[in-house]
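Numbering (my numbering), first residue to last: 1 to 397. Notes follow once the structure below has been shown.
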Ligand code: AMP
Ligand code: MG
């Protein structure tokens with residue numbers, strides 16, 4: 001048996017780093033910048049008005065009220081900006097360039113709003129309501145450093161400094177394959193002995209939630225030739241193959257039988273659930289093989305694929321938030337294995353630690369209780385039991 005951490009490291013190493021590509025901003029949400037992004041322009045790119053009002057010389061409005069002729073109208077977007085002559089005002093809108101000669105803006109609320117002459121009711125100091133060139137970002141400096149996760153604010157800034165595309169780690173393409181002769185896709189009717197296939201949608205949605213692409217192959221029956229015939233031709237188009245089922249100790253273990261000796265190694269990882277795991281390369285393409293039980297699939301995804309995919313996509317924080325919490329009931333765990341139990345964690349205001357209790361038993365077929373969980377309770381390899389009130393590690397999902 002190998003440790004959870006060792007297998008996680010192997011899977012992370014197998015995936016490596018996703019290639020760098022340039023994508024339009026609209027396709028880059030949630031991805032990670034692969035290079036520093038320099039500002040092509042300063043922000044603001046020119047001195048401009050922070051208010052709808054009147055551009056003036058502060059010296060002309062040092063006493064109020066005062067009436068000035070309105071010499072120009074400057075809506076936002078006007079590019080031919082005339083000089084402001086002493087003793088005059090320009091009507092100006094928010095974001096419009098400040099005319100040369102002006103050193104203050106009087107907001108419209110402090111005037112009579114006149115269009116030929118304006119009566120200014122309050123004095124203004126130099127610099128009032130002016131947004132200065134480069135106040136936010138200076139041209140040529142790093143607007144967004146490599147490693148930045150592109151959320152709405154970051155994409156907005158990239159657009160504001162003039163970028164149409166950004167260099168990012170491109171979404172990995174993952175081929176998801178479920179195996180099992182017993183599997184049926186809804187809404188086809190079930191015969192006795194058959195079950196509905198549920199791993200593909202779990203894996204695909206979990207993969208997509210990380211910003212990767214997932215392609216799902218219809219489930220493959222437990223037949224080595226069929227498995228090879230369906231999957232092998234599709235490998236060339238993907239960065240990673242993820243399978244579920246067919247890797248444990250029984251007979252008809254299709255994934256194990258098809259990929260043993262082809263560059264994929266099958267091993268037992270010291271964890272519960274999710275012991276039987278495999279990884280390697282098939283025709284040069286990274287392969288991660290997960291066990292079949294739905295809860296094992298999701299726990300394996302959390303333990304191995306989620307951190308490996310995030311790391312490959314350039315994310316630095318790949319771990320779930322870990323907290324300590326007091327158990328609401330006792331639990332047992334198999335010796336020598338790290339147990340991941342589905343749990344429900346709550347933290348009341350004012351409490352130092354939260355509390356956590358298991359949702360459902362340890363059985364890896366108990367998917368319904370996973371849907372009521374918001375965390376995984378982690379009992380380490382050297383722990384065989386934990387009592388009510390004991391503090392345990394909790395991974396927040
Ligand atoms: P296996 O590892 O193939 O022996 O599968 C272990 C258990 O998980 C069996 O009860 C399978 O029926 C079940 N299982 C495997 N694959 C799936 C799937 N894609 N959807 C739902 N259950 C599955
Ligand atoms: Mg199977």
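By construction, the Cβ of each residue, glycine as well, lies at the ideal position given by its N, Cα and C atoms.
Euclidean distance between Cα positions of residue i and residue j
i: residue 398; j: residue 202; result: With the chain running from 1 to 397 in the structure shown, residue 398 is simply not present.
i: residue 262; j: residue 238; result: 18 Å
i: residue 4; j: residue 338; result: 8 Å
i: residue 54; j: residue 42; result: 24 Å
i: residue 136; j: residue 350; result: 39 Å
i: residue 153; j: residue 143; result: 12 Å
i: residue 192; j: residue 184; result: 11 Å
i: residue 70; j: residue 56; result: 10 Å
i: residue 309; j: residue 253; result: 26 Å
i: residue 64; j: residue 88; result: 15 Å
i: residue 33; j: residue 243; result: 30 Å
i: residue 20; j: residue 31; result: 11 Å
i: residue 52; j: residue 378; result: 58 Å
i: residue 370; j: residue 353; result: 23 Å
i: residue 175; j: residue 24; result: 24 Å
i: residue 257; j: residue 224; result: 7 Å
i: residue 316; j: residue 361; result: 33 Å
i: residue 145; j: residue 245; result: 41 Å
i: residue 85; j: residue 118; result: 15 Å
i: residue 278; j: residue 301; result: 13 Å
i: residue 81; j: residue 166; result: 33 Å
i: residue 14; j: residue 181; result: 29 Å
i: residue 260; j: residue 247; result: 10 Å
i: residue 132; j: residue 78; result: 18 Å
i: residue 47; j: residue 130; result: 7 Å
i: residue 326; j: residue 366; result: 24 Å
i: residue 58; j: residue 128; result: 9 Å
i: residue 36; j: residue 29; result: 17 Å
i: residue 6; j: residue 97; result: 60 Å
i: residue 141; j: residue 39; result: 6 Å
i: residue 156; j: residue 335; result: 51 Å
i: residue 376; j: residue 179; result: 26 Å
Local Cβ density within 10 Å of residue i, reported as buried at 16 or more and exposed below that
i: residue 211; result: buried
i: residue 208; result: exposed
i: residue 265; result: exposed
i: residue 195; result: exposed
i: residue 190; result: exposed
i: residue 322; result: exposed
i: residue 99; result: buried
i: residue 330; result: exposed
i: residue 289; result: buried
i: residue 187; result: exposed
i: residue 148; result: buried
i: residue 218; result: exposed
i: residue 283; result: exposed
i: residue 60; result: buried
i: residue 75; result: exposed
i: residue 26; result: exposed
Reference residue i, options the options, closest by Cα
i: residue 16; options: 312, 360, 100 and 363; result: 312
i: residue 324; options: 345, 335, 341 and 246; result: 345
i: residue 381; options: 271, 123, 353 and 197; result: 271
i: residue 173; options: 235, 147, 100 and 33; result: 235
i: residue 341; options: 386, 231, 10 and 71; result: 386
i: residue 399; options: 296, 145 and 102; result: Absent from the model: residue 399. The displayed extent of the chain is 1 to 397, so no value can be given.
i: residue 114; options: 378, 392 and 91; result: 91
i: residue 95; options: 45, 348 and 227; result: 45
i: residue 139; options: 161, 155 and 131; result: 161
i: residue 293; options: 363, 79, 164 and 284; result: 363
i: residue 285; options: 6, 11 and 361; result: 11
i: residue 251; options: 38, 222, 1 and 168; result: 222
i: residue 126; options: 360, 14 and 104; result: 104
i: residue 198; options: 368, 393 and 9; result: 368
i: residue 333; options: 383, 365 and 326; result: 383
i: residue 124; options: 133, 132, 107 and 131; result: 107
i: residue 249; options: 268, 231, 241 and 233; result: 268
i: residue 2; options: 395, 274 and 320; result: 274
i: residue 8; options: 307, 227 and 357; result: 307
Start-to-end residues for the beta strand (DSSP E) that takes in residue i
i: residue 67; result: 66-74
i: residue 22; result: 20-24
i: residue 179; result: 173-179
Bounding residues of the alpha helix (DSSP H) (the contiguous stretch that carries residue i)
i: residue 32; result: Residue 32 -> no alpha helix (DSSP H), and no H or E assigned at all.
i: residue 4; result: 4-15
i: residue 205; result: 199-208
i: residue 307; result: 306-312
i: residue 259; result: 254-259
I'd like the ranges of any beta strand (DSSP E) spanning at least 3 consecutive residues and lying wholly in the region 221-249. 240-244
Runs of alpha helix (DSSP H) lying entirely within the region 80-161, each at least 4 residues, in chain order: 152-160
Can you list, in chain order, the stretches of the beta strand (DSSP E) that have 3 or more residues and sit fully within the region 314-384? 322-327, 338-346, 354-358 and 375-379
Considering only residues of the region 269-302, which uninterrupted beta strand (DSSP E) runs meet the minimum length of 3 residues and lie entirely inside it, listed in chain order? 276-282 and 285-290
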